[in-house]
Amino acid sequence: MTIIPQPILPIIVDSTQLNCFSSCPQKFYNEYILGLRPPDLSIDLHAGAVFSATLESFYREVYTNGLEIPQALARAYATFTHQWGDFIIRKDRHPKTPENMWAAVEDYVNTYPPRSDLVQPYYTSGDASFEYSFAIPLDLPGFPRHPVSGDPFIYAGRFDMLGRKNGIPVIRDEKTAQRLESNWSEKWDLRSQFLGYCWALQHVGIPCNTVIVRGVIVTLTSIRQVEAEKLYSNHLIGRWFEQFKRNMNRLVACWNDGYFDYNLGDVCTQYSHCQFIPLCSSSDPANWYDSYEVRRWNPLDRNPTSSNAVPTVSSGNQPQMSMSSSGFAHTNSGAATKTAATAAFTSN
Ligand code: SF4
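Quick note on numbering: the sequence shown equals residues 1 to 348 in my numbering.
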């Protein structure tokens, strides 16, 4: 049976989607409007999501329940095995096996023991803030409305910890990778994802302009931890915001025109080649739809492609969310969620 994907312009946008749109609007159309994805789930997305969920569980046991490290790790291992589930790695000699990813968790905890880690959770009313999500309505001057619903778009994101270092709010985010690139630290200098996180926190009243990036490098033979601390000037955050606004207007213009531009350049062939080359090469792209599955991207999910659910946040009626005039915070566990006029803050 031929798949006929329904074009749906997402109302919730995140940095991954916007980066895709910047690099190739046609890719954005295929991936985020039609929801087309290769049938195989990404091992990198899966392993990264499992790692993140496991650390969140570990930190909850340490910071919220007061367990010692061995007991907290034992509880986290249960989370790890549950989250990994029956996922099968289809690529030969891929380093992100469950054994290696668990070893990476243990190595991370040994490298950054929570009690002496310079980055400690940000506390509000006694709750630690590991795993932080935000969703901010773009009901702001210069931003377009969603052309179908008429509602503001929502800018969403999630990162591994809102913390404090030397008393200053910082974002901490882990990145798992299979190799350490020579420019690993520099590659975050203009990272729109992190600039957007800083903007979002500042928008809800948390004066943060620092991101601690922790790389967890998992190869077939070794595990390595690296760290970079990035300070983003308000000038740079402002530049990101202006570009963000322009990109949102371009996105709506493409939708209204019914035409999403093609890159037809380096983006088509970088990394392991764009997954949509068959569509872009064909006189009738619909002939290729059967080669894909429709899985909608949900920016508020730890593994955004793991389900077919379409995020439908439009008026604060999403389960486990509360909304303020400036945004809402979200917790996967359904644990306490606090939102104030000046701060959207989640503690798990
Ligand atoms: S193949 Fe090239 S033009 Fe087509 S969606 Fe991918 S990046 Fe864009």
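In this text, a Cβ means the ideal position worked out from N, Cα and C, and glycines have one as well.
Quick one, which of the options has its alpha-carbon nearest residue i's?
i	options	result
A47	I88, D139 and N166	I88
S149	N19, E181 and V252	V252
I3	P10, A200, G157 and R37	R37
Y32	T16, E68 and D40	T16
E186	D127, G258, Q243 and Y232	Y232
N247	D290, F21, Q6 and W199	F21
G221	L201, G258 and N100	Gly is not the amino acid found at residue 221; the sequence shown has Thr there. T221 has its Cα closest to that of N100, out of L201, G258 and N100.
T176	Q225, G167, D139 and Q202	Q225
Q243	L190, P7, G205 and S291	L190
I168	N209, P141 and G126	N209
P7	P147, T124, H203 and R93	P147
L118	N166, Q275 and L201	N166
N85	C274, R93, T97 and D92	The sequence given here places Gly at residue 85; Asn does not occur at that position. The shortest Cα separation from G85 among C274, R93, T97 and D92 belongs to T97.
S291	Y77, N298, A74 and Q275	Q275
P141	P299, N249, Y259 and R296	N249
Residue i and residue j: beta carbons closer than 7 Å?
i	j	result
F80	W102	yes
D173	P25	no
Q83	V50	yes
V105	T54	yes
P95	V216	no
K27	F143	no
A128	A156	no
L34	P5	yes
D40	R90	yes
S42	V267	no
S192	W255	no
L18	N303	no
Starting from the C-beta of residue i, find all residues in its chain whose C-beta is less than 8 Å away, skip the five residues before and the five after it, and write them out in chain order.
i	result
W188	F194, V211, V213, A228 and K230
N317	Confidence is the limiting factor: at N317 the pLDDT is only 28, short of 50, which leaves the residue's position unreliable, though a coordinate-based value still follows. Excluding positions up to five away in sequence, the list is empty.
S315	Residue placement at S315 is poorly supported in this model, since its pLDDT is 31, which falls under 50; the coordinates still yield a value, given next. Result list for S315: D151, in chain order.
S52	E131, D160, E174 and R302
A76	T54, L55, S57, F58, E61 and V105
Taking 7 Å as the limit between beta carbons, can you name the residues of its chain near residue i, skipping five residues before and five after?
i	result
R164	Q120, Y122 and V170
S282	W288
A72	F58, E61 and V62
T64	A128
L279	N30, P285 and W288
I277	C268
R93	L220
Can you name, in chain order, every residue of its own chain whose Cβ lies under 6 Å from the Cβ of residue i, other than the five neighbours on each side?
i	result
P137	P152 and I154
I237	L195, C198 and W199
D107	I223
N263	C24
D139	P152
L201	C208
A340	Because the pLDDT of A340 is 25, which lies under 50, any placement of that residue in the model is unreliable, and the number read from its coordinates should be weighed accordingly. So no residue of the chain qualifies.
L67	E61
Does the beta-carbon of residue i, which I'm using as the reference point, lie nearer than 6 Å to any heavy atom of the ligand SAM?
i	result
Y259	Of the ligands one can find in the structure shown, namely the ligand SF4, none is the ligand SAM.
Can you find at least 3 beta carbon pairs, one from the region 177–185 and one from the region 100–114, that sit closer than 8 Å? no
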